[in-house]
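Trainee: Structure incoming, see below.
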Amino acid sequence: MENTTKYQNSFVLLGITLVICFILNISLGSVSIPFKSTLSELFSGNIENESWHYIIWKYRIPKALTAILAGSALALSGLLMQTLFRNPLAGPFVLGISSGASLGAALLIMGASIFSGVATFEIANSVSLALGASLGSFLVLLAVLTVASRVKDTMALLIIGLMFGSITAAIVSVLSYFTTSEKLQRYVYWSFGSLGDLSWYQLSLLGGIILMGILLGIASIKSLNALLLGENYARSMGLQLKKSRYIIIIATALLAGSVTAFAGPIAFVGLAVPHLTRQIFNTTDHKVLMPAVLLYGAILMLLCDIVAQIPSSANVLPINAITSIIGAPVVIWLLTRKRRMLF
Amino acid sequence: MSSDTQHITISTKDLTIGYKNVTVANTINFDSLSGEFIGIVGINGIGKSTLLRTLAKIQPSLSGSISIEGKALNTLDTSALASEISIVLTEPIASKNLTVQEVIALGRQPYTNWIGTLTEQDTSKIKEAIQMLQLEDLVHKKCYELSDGQLQRVMIARALAQDTSIILLDEPTTHLDLYHKVQILKLLKSITEETKKTILFTSHEIEMVIQLCDKLLLLKESDSSYGTPNELIEKRAFDTLFPSDTVIFDANTGTFRIQK
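Protein chains in written order, with our numbering: chain A, 49 to 391; chain B, 85 to 344.
Written as C-alpha cells, this is what we have:
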C-alpha cells in the first residue's frame, strides 16, 4: 500500500497543529501571562518574571504534556478495541478497564470508612490514588483475561467486559451510599478527571507506561490489519489469534488504565478519535491510522483543555465533561452525514 | 492436464466431522489431486461447510485423518497452514471500508515481515490475482461500493494472492444470478487449469457442478461418494441425494425433476 507519500502532507499538517495547540495551551490559564512572554520563556529561556517561570514549568507544561499523553493513549486504545472487536461502539473502557480503575479509587477513598479499623489515616493522596486505580483496572482486566481464555467468541468477550463494568459500578454505588459526604465528594472530584495534578516524576512514569502500550500497538499493526477481514480469515492467513488478542488487550490496559489511574476517567476520546481519523484519512490501514490517532488524540485533548480553562479565568471545568460536551455532538454529526458508521 | 505431474493435495481417511456431541457425517474418504476442480454437494445440514471448516482447521475433526500435501493436518501450525490452504467463506468481511487493492494485498500476510511490508514478489502476485479475476477497474474502490458478484471475485483474488496449493470456498455462488454463478464457476475452473491449484468448493448448483467439475464429493451421513460426475451418475449416487418424494434425478440429462 503506497500510503507514505499520499499521507505525508496530512501528517506534517497534523504535526504543526499539535505544536500550535501545545503553545496555545501553555499560554492560557488562570493567571494571564502575555503570549510573547510565554514564547520567550519556552524558546529562549528568558525569565521575565519568577512566578510566570514557576507557573509555566511547574504547572502548565506538565499539564499540557499530560493532555498530550492522555489524548494519544486513549485514542490509540480506542482504535485497538474497535479493531479487535470489529465494533464501532467499542472503546477502551468496554473491557472494564475504567470501571476497574474507578473501583480501585472508590475503595481507596470511600472504603476505609466502611471497613473501619483497616485504615483510619489519610491514604488517599494522588500517588496512592493512582496506584489504587491502576491496581483496580489490572485486577478487573485479569479477570476478563481469565474468562477470555475460555471464550472463543469476541462478541461474548465484549459482553463479559460490560458485565464486569456493571459489577464494579454496583460496588461503587454501594460504597457511595454508605460513605461520608466529604469522601463521596472526593471520589466525585476524581471521577471528573483532571490533567493538572501530575508532578514531573508522575509524568515520566505515565509516559513510560504509555510508551510500552504504543510499542505493543505498533507490534500489532499486522495482526490488526488481518483482523479487519474477521477472525476466521485472519487465522487462515497465519495469525495466531490468541496471542495477538492478548497483546492487543494488554496494550489497551496499559494505555487506558494508566491514563485513568493518573488523570481520572476521561470519556469519549477513545471512542470518537478513531472514528474522526477514519473519516478524515479515509483508510482503515493501521500503519496510517495508528500515528494519525496518536496525533488527533493529543490535539483534541489539548483543545478540550483550552476550552476547560477559558470561560472563567479562576476556575477550571472538569475535563471529563468537556470531552463529552465537545465530542458527542461531533460523532452524531459525522454519523448523520455519512449515514453508516463505516468501520 | 497431464496426469503425470499431478500429486495428491488433500487426502482424508475415514473422516468424521461434527461438533462436540453431534456427529454430522462420517466415513468421508477422498483424495484430491493438484489442478482439480472439485465440488462438494449434499442436502442442507449434511455438513458441507463443516467439512470445509474442518479441512481449514477452523474446527477439529471428530475422528479419522486429514493430510495436506502429505503432512498430517494436526501437525501443521497456523502459519504453515496459511501457505497451504486459503479460504473464501460465506461470512462477510468485518470491515468493508477496505479497498479492493488492500483486501487482496492482505492475502500476502503469510509471507510479509512483522509490519506487513510488501516485497516486489508480493506486488507481482497481487497484480497476477487482480488480472486473473479481471478486477483492474475496481482496485481503488471500497468494498462497500461493490456488488455481491464483484465482492466474491475480490475474495477469490485474495485467496489466490495467498498463493496456496489449495483453495477452499464455501458456497461461492450463493446470492448471485445465473450469469454471475456461471462466471464465478468458470473463473474458478480456469484458475485450476492455469495454476494447478486444487479448488474445493461447496455448492447447491448440482446441475452446473456436474457440467463443470473434474470430481464431485457427494456428502451423505454415512455413505459419501467421490468420483467424476459420470462415475457418480453411473453409480446412481445422485438418486439418493434428496428424499425421492420431492425430486428425482434424470441420469440422461444430468438434471433433477420435480415429482408431481
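Backbone N, C-alpha and C define an ideal beta-carbon position, used for all residues, glycine too.
Any beta-carbon of chain C closer than 9 Å to the one on Asn314 (chain B)?
Mentor: Among the protein chains of the structure shown, namely A and B, there is no chain C.
Trainee: Less than 8 Å between the CB atoms is what I'm expecting for Ile328 (chain A) and Leu128 (chain A), so what's the real figure, rounded?
Mentor: Translated into positions along the first sequence, residue 328 (chain A) becomes position 280. Translated into positions along the first sequence, residue 128 (chain A) becomes position 80. Not a contact, Cβ separation roughly 19 Å.
Trainee: Would DSSP call Ala109 (chain B) helix, strand or coil?
Mentor: Position 25 of the second sequence, counting from 1, holds the residue named residue 109 (chain B). Three-state DSSP puts Ala109 (chain B) in a strand.
Trainee: With 9 Å as the threshold, decide whether the Cβ of Pro194 (chain B) is near any Cβ in chain A.
Mentor: Here residue 194 (chain B) is taken as the residue at index 110 of the second sequence, counted from 1. Yes, its Cβ sits closer than 9 Å to a Cβ of chain A.
Trainee: For Pro176 (chain B) and chain A, any beta-carbon pair shorter than 9 Å?
Mentor: As a first step, residue 176 (chain B) is located in the second sequence; it is residue number 92 there, counting from the start. True, the Cβ-Cβ gap to chain A drops below 9 Å.
Trainee: Apply the 10 Å Cβ neighbour rule to Phe83 (chain A) and answer buried if 16 or more other Cβ atoms are within range, or exposed otherwise.
Mentor: By 1-based counting over the first sequence, the position of residue 83 (chain A) is 35. Exposed, since its Cβ has fewer than 16 Cβ neighbours within 10 Å.
Trainee: Touching or not, the region 284-304 of chain B and the region 134-145 of chain B, by the rule of three or more beta carbon pairs under 8 Å?
Mentor: Yes, the region 284-304 of chain B is in contact with the region 134-145 of chain B.
Trainee: For Asn273 (chain A), count neighbouring C-beta atoms within 10 Å of its own C-beta (all shown protein chains included) and say buried if the count is 16 or more, exposed if not.
Mentor: Within the first sequence, numbered from 1, the residue matching residue 273 (chain A) stands at position 225. The residue in question, Asn273 (chain A), is buried, as its Cβ has 16 or more Cβ neighbours within 10 Å.
Trainee: Where do the ends of the alpha helix (DSSP H) carrying Arg320 (chain B) lie?
Mentor: Translated into positions along the second sequence, residue 320 (chain B) becomes position 236. Looking at the DSSP string, Arg320 (chain B) is not in any alpha helix (DSSP H), and its letter there is neither H nor E.
Trainee: Could you check how far apart the C-beta atoms of Met239 (chain B) and Leu269 (chain B) are, in whole angstroms? I think they sit under 8 Å.
Mentor: As a first step, residue 239 (chain B) is located in the second sequence; it is residue number 155 there, counting from the start. As a first step, residue 269 (chain B) is located in the second sequence; it is residue number 185 there, counting from the start. About 15 Å separates the two Cβ atoms, so there is no contact after all.
Trainee: So Ala166 (chain B) contacts chain A; which residues on that side make the cut at Cβ distance below 7 Å?
Mentor: Mapped onto the second sequence, residue 166 (chain B) falls at position 82. Under the 7 Å cutoff, chain A gives Ser284, Met285 and Gly286.
Trainee: If you reduce the DSSP assignment to three classes, tell me which class Leu76 (chain A) lands in.
Mentor: For the purposes of this step, residue 76 (chain A) is taken as the residue at position 28 of the first sequence. Leu76 (chain A) falls in the coil class under three-state DSSP.
Trainee: Would you report the Cα separation of His224 (chain B) and Gln205 (chain B), rounded to the nearest angstrom?
Mentor: Counting from 1 along the second sequence, the entry for residue 224 (chain B) is found at position 140. Counting from 1 along the second sequence, the entry for residue 205 (chain B) is found at position 121. C-alpha separation (whole angstroms): 21 Å.
Trainee: To the nearest angstrom, how far is it from the Cα of Ser176 (chain A) to the Cα of Gln250 (chain A)?
Mentor: The sequence position of residue 176 (chain A) within the first sequence is 128, counting from 1. The sequence position of residue 250 (chain A) within the first sequence is 202, counting from 1. Cα to Cα, the separation comes out at about 12 Å.
Trainee: Please check the pair Ser185 (chain A) and Gly305 (chain A), which I expect to be a contact at CB under 8 Å, by giving their CB distance rounded to whole angstroms.
Mentor: Indexing the first sequence from 1 puts residue 185 (chain A) at position 137. Indexing the first sequence from 1 puts residue 305 (chain A) at position 257. That pair is a contact at about 4 Å.
Trainee: Since Thr332 (chain A) meets chain B, which of its residues come closer than 7 Å, beta carbon to beta carbon?
Mentor: Your numbering for residue 332 (chain A) matches position 284 in the first sequence. Correct list: Ser179, Asn181 and Leu182.
Trainee: Of all the options B:Glu120, B:Ala109, B:Leu182 and B:Ser208, which has the alpha carbon lying nearest to the alpha carbon of Thr331 (chain A)?
Mentor: Here the question's residue 331 (chain A) lines up with position 283 in the first sequence. Nearest C-alpha to Thr331 (chain A): B:Leu182.
Trainee: When you compare only the Cα positions, how much space is there between Ser306 (chain B) and Leu235 (chain B)?
Mentor: Here the question's residue 306 (chain B) lines up with position 222 in the second sequence. Here the question's residue 235 (chain B) lines up with position 151 in the second sequence. For Ser306 (chain B) and Leu235 (chain B), the distance between alpha carbons rounds to 35 Å.
Trainee: Measure from the alpha carbon of Ala321 (chain B) to the alpha carbon of each residue in B:Val187, B:Asp161, B:Ala164 and B:Leu301, then state which is nearest.
Mentor: Walking along the second sequence from the start, residue 321 (chain B) turns up at place 237. For Ala321 (chain B), the nearest C-alpha among the options comes from B:Leu301.
Trainee: Hey, could you find the ends of the alpha helix (DSSP H) Ile268 (chain B) is sitting in?
Mentor: The sequence position of residue 268 (chain B) within the second sequence is 184, counting from 1. Note, Ile268 (chain B): alpha helix (DSSP H), Leu262 to Thr279.
Trainee: Could you name the residues of the same chain whose beta carbon sits closer than 7 Å to that of Ile298 (chain A), not counting the 5 residues immediately before and after it, in chain order?
Mentor: Position 250 of the first sequence, counting from 1, holds the residue named residue 298 (chain A). These residues qualify, in order along the chain: Leu264.
Trainee: In chain B, which residues lie with their C-beta within 7 Å of the C-beta of Tyr249 (chain A)?
Mentor: Translated into positions along the first sequence, residue 249 (chain A) becomes position 201. None at all; the shortest Cβ gap to chain B is about 34 Å.
Trainee: Excluding sequence positions up to five away, which residues of its chain have a Cβ less than 7 Å from the Cβ of Ile188 (chain B)?
Mentor: Mapped onto the second sequence, residue 188 (chain B) falls at position 104. Once the five neighbours on either side are set aside, the close Cβ partners of Ile188 (chain B) are Ile210, Ala213, Ile214, Val238, Ala241, Arg242 and Ala245.
Trainee: Within 10 Å of its beta-carbon, does Trp381 (chain A) have 16 or more other beta-carbons around it, so buried, or fewer, so exposed?
Mentor: On the first sequence, position 333 is the one that residue 381 (chain A) refers to. With fewer than 16 Cβ atoms within 10 Å of its Cβ, Trp381 (chain A) is classed as exposed.
Trainee: Determine the closest residue to Ile64 (chain A) out of A:Tyr237, A:Ala346, A:Leu189 and A:Leu76, with distance taken between C-alpha atoms.
Mentor: Looking up residue 64 (chain A) in the first sequence gives position 16. Nearest option by C-alpha distance: A:Ala346.
Trainee: So, helix, strand or coil for Ile342 (chain B), using DSSP?
Mentor: Within the second sequence, numbered from 1, the residue matching residue 342 (chain B) stands at position 258. Looking at Ile342 (chain B) - three-state DSSP - the assignment turns out to be strand.
Trainee: Please list the terminal residues of the continuous beta strand (DSSP E) segment that includes Ile169 (chain B).
Mentor: Along the second sequence, read from residue 1 onward, the residue named residue 169 (chain B) stands at position 85. That run of the beta strand (DSSP E) goes Ile169 to Val172.
Trainee: Bridge partners for Ala156 (chain B) per DSSP, in chain order?
Mentor: Position 72 of the second sequence, counting from 1, holds the residue named residue 156 (chain B). According to DSSP, which records beta bridges pairwise, Ala156 (chain B) is partnered with B:Ser151.
Trainee: Keeping to the same chain, check which residues put their C-beta closer than 8 Å to that of Ser328 (chain B); ignore five residues upstream and five downstream.
Mentor: Along the second sequence, one-based indexing puts residue 328 (chain B) at 244. Within the same chain, Ser328 (chain B) has close Cβ partners Gln343.
Trainee: Report the neighbours of Ala245 (chain B) on chain A: residues whose CB is nearer than 7 Å to its CB, in chain order.
Mentor: Numbered from its first residue, the second sequence carries residue 245 (chain B) at position 161. Those within 7 Å of Ala245 (chain B) in chain A number zero; the least Cβ separation is about 10 Å.
Trainee: Strictly below 8 Å CB to CB, what residues from chain B border Ile269 (chain A)?
Mentor: Here residue 269 (chain A) refers to the residue found at position 221 when the first sequence is read from its first residue. Per Cβ cutoff of 8 Å: Ile199 and Gly200.
Trainee: Along chain A, which residues have their Cβ under 7 Å away from the Cβ of Glu291 (chain B)?
Mentor: Locating residue 291 (chain B) in the second sequence gives position 207, counting from the first residue. Result: empty, since nearest Cβ-Cβ is about 30 Å, beyond 7 Å.
Trainee: So Arg134 (chain A) contacts chain B; which residues on that side make the cut at Cβ distance below 8 Å?
Mentor: Position 86 of the first sequence, counted from the start, is the residue given in the question as residue 134 (chain A). Going along chain B in sequence order, the residues near Arg134 (chain A) (Cβ under 8 Å) are Ala178 and Ser179.
Trainee: Which whole-angstrom value is the C-beta distance of Leu143 (chain A) and Val192 (chain A), which I expect to be below 8 Å?
Mentor: For the purposes of this step, residue 143 (chain A) is taken as the residue at position 95 of the first sequence. For the purposes of this step, residue 192 (chain A) is taken as the residue at position 144 of the first sequence. Correct: roughly 5 Å between the Cβ atoms.
Trainee: Do you know offhand how far Ile171 (chain A)'s Cα is from Leu87 (chain A)'s?
Mentor: By 1-based counting over the first sequence, the position of residue 171 (chain A) is 123. By 1-based counting over the first sequence, the position of residue 87 (chain A) is 39. Unreliable positioning characterises Ile171 (chain A) in this predicted model, as indicated by a pLDDT of 48, which lies under 50. The coordinate reading is nonetheless provided below. Whole-angstrom Cα-Cα distance: 40 Å.
Trainee: Do Ala149 (chain A) and Ala320 (chain A) have their beta-carbon atoms positioned less than 9 Å apart in this structure?
Mentor: One-based indexing of the first sequence puts residue 320 (chain A) at position 272. One-based indexing of the first sequence puts residue 149 (chain A) at position 101. Taking 9 Å as the Cβ cut-off, Ala320 (chain A) and Ala149 (chain A) do not qualify as a contacting pair.
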